[in-house]
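Here's the structure we're looking at; comments come further down.
Protein chains: 2
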Amino acid sequence: MTMAARTWNDLVGGVRRGEPRPLARLISQVEDRVPGWEQAMKALYPHSGGAQVIGITGPPGAGKSSLTNRITASLVARGHRVGIIAVDPTSPFSGGALLGDRLRMRDVATTPGVFIRSMATRGTLGGLCQSARDVARILTAAGHDIVLIETVGVGHDEIEVVKAAGCVAVVCVPGQGDAVQTLKAGIMEIADVFVVNKVDRDGADAVITDIRAMLALAADKRNETVPVIATCALTGQGIEPLVEALIAPAARAAEVMARHEARVREEILTLVEREIARVVRERWGTNAELDSTVERVCSGELDPYSAAQSVLRSINLKD
Amino acid sequence: MTMAARTWNDLVGGVRRGEPRPLARLISQVEDRVPGWEQAMKALYPHSGGAQVIGITGPPGAGKSSLTNRITASLVARGHRVGIIAVDPTSPFSGGALLGDRLRMRDVATTPGVFIRSMATRGTLGGLCQSARDVARILTAAGHDIVLIETVGVGHDEIEVVKAAGCVAVVCVPGQGDAVQTLKAGIMEIADVFVVNKVDRDGADAVITDIRAMLALAADKRNETVPVIATCALTGQGIEPLVEALIAPAARAAEVMARHEARVREEILTLVEREIARVVRERWGTNAELDSTVERVCSGELDPYSAAQSVLRSINLKD
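Heads up: the sequence lines are chains A and B, in that order.
Per our numbering, the first sequence starts with residue 12, numbered consecutively.
Per our numbering, the second sequence starts with residue 12, numbered consecutively.
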């Protein structure tokens, strides 16, 4: 689908005025890379800075959605406008999503000043973090001064997506077996705040002790200052200290700045790769020449490596 | 690093004779896309068919490594030669890996006819499944008639990687909270066999009942025939029935064949995208022009979307 420049301008205008329908529509168009999307992002870009982007991640069942609910209510009470990006682990096979979790967020869904957007993880080749960045910028340009990115798990995808956040809360709960082992891979390094949720459960103290021990053991000096906050999303216990830790003037602002250049470089390269992948799929995904190549590989006449090389030659990237 | 054609020929010859050192070296070279790798894969390709590729996935702590250990011992006793691909969830930040799990596999690591290869998940943009496919082919060409791909979690990455397998076992255990909820996202669709491990634990029957109910509820008719097998890797209980289910002449061979063309098409496009991404990073990752573009974005003079477009224009893909 192509869209007239006028339509894009209308959408951008609606977004700037904070109107929910243009906002929802523009996000979809940008996620789908509808031709013209770059112009819209360029128009919004000057208005897309200054918001705090907070990532909330942790294993399934840690109560992240209820926590996001509580955090949002507290932020709204403090006068903030909150955009929420709920990352759905859409099945790469069926397209089905875990909608149950989202139901738990209905309390805030109808609050003025709150906008919730689900983001699918499928079909975003190397671009999940980029999608989150794009959507966070659009939400900011629409007047949200805080953007929460909530994930459903702690896999590579989730780690990828919270990289778009300036501050990351890692949530865990007692009674999930060896919580610390589960969290090990890659999650330690990205946590700015640890949250032990459902702290009324047995074993909460042990989890807090484990996390503190893990932080103390870590080679990275910065871990010494990572707070561990006990919460109970059900009763609201610990929510206020958590919100304060999340929105406190970033203690590591200098570090964030130092990472900024590397982030920009990474973003540009990701945008380039994603666009190339899109062009390749568009030009080659349903192409008579590829059809016959696929047939030859299926019949054993050709191997997939030679097939890919011949596609690459015709793209003429290696000149 | 470039390698002489002679060295590649030597490596390919060594792999064909099943020698472990050339095998390990060739896998590394292919994973790193050392120039010339395609020639090696083309030379091995005619010998890379016919092995059974079995995926073993499930949440952390489900005992997948111990199970893989047992399955391998049983397969070796049945006269098979087994290649194992252990997918490490290498942190995208620190490069650290969960090596503890691997230690549990030491029983089989020294068995003749068994070759274990760890595969990192980092830095394989859209290419994790492709890497597994490449390594499985190399292991097959080296004389392994069964290749096991063992993952560490059930994230998107893990689902991606087991797509390279013709048959997938999903392992879960009692006592991991709501096991079925944890498994929901995307995993149902890929399971050819369900394994309830640590069946001696409390709650095993409930997990089995839950999985059966979930299978019965699923819209997909094929789920009705998915076996649910109770095992105890510690005692060996249930291992033989599991191995038989895994190596049984695939009941859904017809379906697999129907998917074959789609798989080949996907593989070719993935190979193309990955090579383009490599070229882009090589040509642009450390480039003076990109340096100045990054600087302009950091200073606010330019937005990242315009920056990416200017890089794309100079790549001249859109002609």
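Backbone N, C-alpha and C define an ideal beta-carbon position, used for all residues, glycine too.
On a predicted model such as this, the values are computed, not experimentally measured, just so you know.
Neighbouring residues, chain A, relative to residue i (Cβ below 7 Å)
| i | result |
| --- | --- |
| E49 (chain B) | Y316 and Q320 |
| E272 (chain B) | V305 and C309 |
Partners in chain B for residue i, counting only beta-carbon separations shorter than 8 Å
| i | result |
| --- | --- |
| R324 (chain A) | The premise fails here: R324 (chain A) is roughly 11 Å from chain B at the closest Cβ pair, so nothing lies under 8 Å. |
Among the options, the one whose alpha carbon lies nearest that of residue i
| i | options | result |
| --- | --- | --- |
| G61 (chain A) | A:G47, A:V181, A:V87 and A:A176 | A:A176 |
| L55 (chain A) | A:V305, A:V41 and A:V45 | A:V41 |
| V245 (chain B) | B:I170, B:G74 and B:A224 | Just to set this straight, residue 245 (chain B) is Leu in the shown sequence, not Val. For L245 (chain B), the nearest C-alpha among the options comes from B:G74. |
| V179 (chain B) | B:A259, B:G154, B:W19 and B:W295 | B:A259 |
| N208 (chain B) | B:I65, B:V45, B:P33 and B:R81 | B:R81 |
| Q50 (chain B) | B:A15, B:D203 and B:L78 | B:A15 |
| V239 (chain B) | B:G47, B:T151, B:R274 and B:D203 | B:D203 |
| R32 (chain B) | B:R128, B:R274 and B:P46 | B:R128 |
| R223 (chain A) | A:V305, A:T236 and A:G214 | A:T236 |
| E332 (chain A) | A:G186, A:R212, A:D216 and A:I170 | Because chain A spans 12 through 330 in this model, residue 332 (chain A) falls outside it and cannot be assessed. |
| A97 (chain A) | A:R89, A:A147 and A:D211 | A:A147 |
| E306 (chain A) | B:V218, B:V291, B:I279 and B:R324 | B:I279 |
| C309 (chain B) | A:L34, A:T151, A:V23 and A:P57 | A:P57 |
| V172 (chain A) | A:L139, A:S76, A:L150 and A:T151 | A:L139 |
| F126 (chain A) | A:A35, A:D213, A:V206 and A:M52 | A:A35 |
| N20 (chain B) | B:D43, B:R44 and B:K53 | B:K53 |
| G24 (chain B) | B:I149, B:T79, B:R44 and B:R89 | B:I149 |
| R44 (chain A) | A:I326, A:S303, A:T18 and A:R285 | A:R285 |
| V291 (chain B) | B:Q63, B:R324 and B:F205 | B:R324 |
Span separating the alpha-carbon of residue i from that of residue j
| i | j | result |
| --- | --- | --- |
| T162 (chain A) | T68 (chain A) | 5 Å |
| Q141 (chain B) | V181 (chain B) | 21 Å |
| R331 (chain A) | V322 (chain A) | Here chain A covers residues 12 to 330 and nothing more, so residue 331 (chain A) does not appear. |
| R28 (chain A) | S59 (chain A) | 13 Å |
| R346 (chain B) | V26 (chain A) | There is no way to answer for residue 346 (chain B), as the model of chain B reaches only from 12 to 330. |
| A153 (chain B) | L226 (chain B) | 38 Å |
| E293 (chain B) | I287 (chain B) | 10 Å |
| G124 (chain B) | V254 (chain B) | 17 Å |
| F104 (chain A) | L282 (chain B) | Any reading at F104 (chain A) needs caution, since the residue's pLDDT is 30, under 50, leaving its predicted position unreliable; the model's value is listed next. Approximately 21 Å, taken between the alpha carbons. |
| I65 (chain A) | L257 (chain A) | 7 Å |
| E30 (chain A) | I38 (chain A) | 12 Å |
| D216 (chain B) | P71 (chain B) | 20 Å |
| R333 (chain A) | P46 (chain A) | Nothing can be reported for residue 333 (chain A), as the shown portion of chain A is limited to 12 through 330. |
| P185 (chain A) | W295 (chain B) | 46 Å |
| V210 (chain B) | A241 (chain B) | 6 Å |
| C243 (chain A) | R212 (chain B) | 29 Å |
| V214 (chain A) | G214 (chain B) | Note that residue 214 (chain A) corresponds to Gly in the displayed sequence, not to Val. Approximately 20 Å between the Cα atoms of the pair. |
| K174 (chain B) | M130 (chain B) | 15 Å |
| I326 (chain B) | I219 (chain B) | 55 Å |
| R17 (chain A) | C183 (chain A) | 47 Å |
| S77 (chain B) | G311 (chain B) | 54 Å |
| T79 (chain A) | V206 (chain A) | 12 Å |
| T304 (chain A) | W48 (chain B) | 21 Å |
DSSP-derived helix/strand/coil call for residue i
| i | result |
| --- | --- |
| S59 (chain A) | coil |
| G66 (chain A) | strand |
| S39 (chain B) | helix |
| E30 (chain B) | coil |
| M130 (chain B) | strand |
| A180 (chain A) | strand |
| L159 (chain B) | strand |
| A97 (chain B) | strand |
| A241 (chain A) | strand |
| V125 (chain B) | strand |
| V23 (chain A) | helix |
| V218 (chain A) | helix |
| V254 (chain A) | helix |
| V173 (chain B) | helix |
| V204 (chain A) | strand |
Closer than 9 Å at the beta carbon, the chain B residues around residue i
| i | result |
| --- | --- |
| W19 (chain A) | Under the 9 Å cutoff, chain B gives no residues; its nearest Cβ is about 13 Å from W19 (chain A). |
| L86 (chain A) | The premise fails here: L86 (chain A) is roughly 27 Å from chain B at the closest Cβ pair, so nothing lies under 9 Å. |
| L301 (chain A) | R276, I279 and L280 |
Contact list for residue i against chain A, beta-carbon separation under 9 Å
| i | result |
| --- | --- |
| G296 (chain B) | R276 and L280 |
| I335 (chain B) | Since the first residue shown for chain B is 12 and the last is 330, residue 335 (chain B) is missing from the structure and cannot be characterised. |
Contacts of residue i in chain B (Cβ-Cβ under 7 Å)
| i | result |
| --- | --- |
| I250 (chain A) | Neighbours of I250 (chain A) on chain B: none; closest Cβ ~23 Å, over 7 Å. |
Cross-chain neighbours of residue i in chain A, by beta carbon under 8 Å
| i | result |
| --- | --- |
| K53 (chain B) | D314, Y316 and S317 |
Contact with chain D by residue i, beta-carbon distance below 9 Å
| i | result |
| --- | --- |
| I82 (chain B) | In the displayed structure, chain D is absent; the protein chains listed are A and B. |
### Message
Check whether the stretch 296 to 303 of chain A and the stretch 151 to 161 of chain A touch, using three or more Cβ-Cβ pairs below 8 Å as the test.
### Response
Contact between the stretch 296 to 303 of chain A and the stretch 151 to 161 of chain A is absent: fewer than 3 CB-CB pairs across the two stretches fall below 8 Å.
### Message
Count Cβ pairs between the stretch 245 to 259 of chain B and the stretch 80 to 90 of chain B that sit closer than 8 Å; are there 3 or more?
### Response
The count of Cβ pairs closer than 8 Å, one atom from the stretch 245 to 259 of chain B and one from the stretch 80 to 90 of chain B, reaches three, so the stretches are in contact.
### Query
Per the contact definition of three or more C-beta pairs closer than 8 Å, is the stretch 87 to 97 of chain B in contact with the stretch 315 to 324 of chain A?
The stretch 315 to 324 of chain A is not in contact with the stretch 87 to 97 of chain B.
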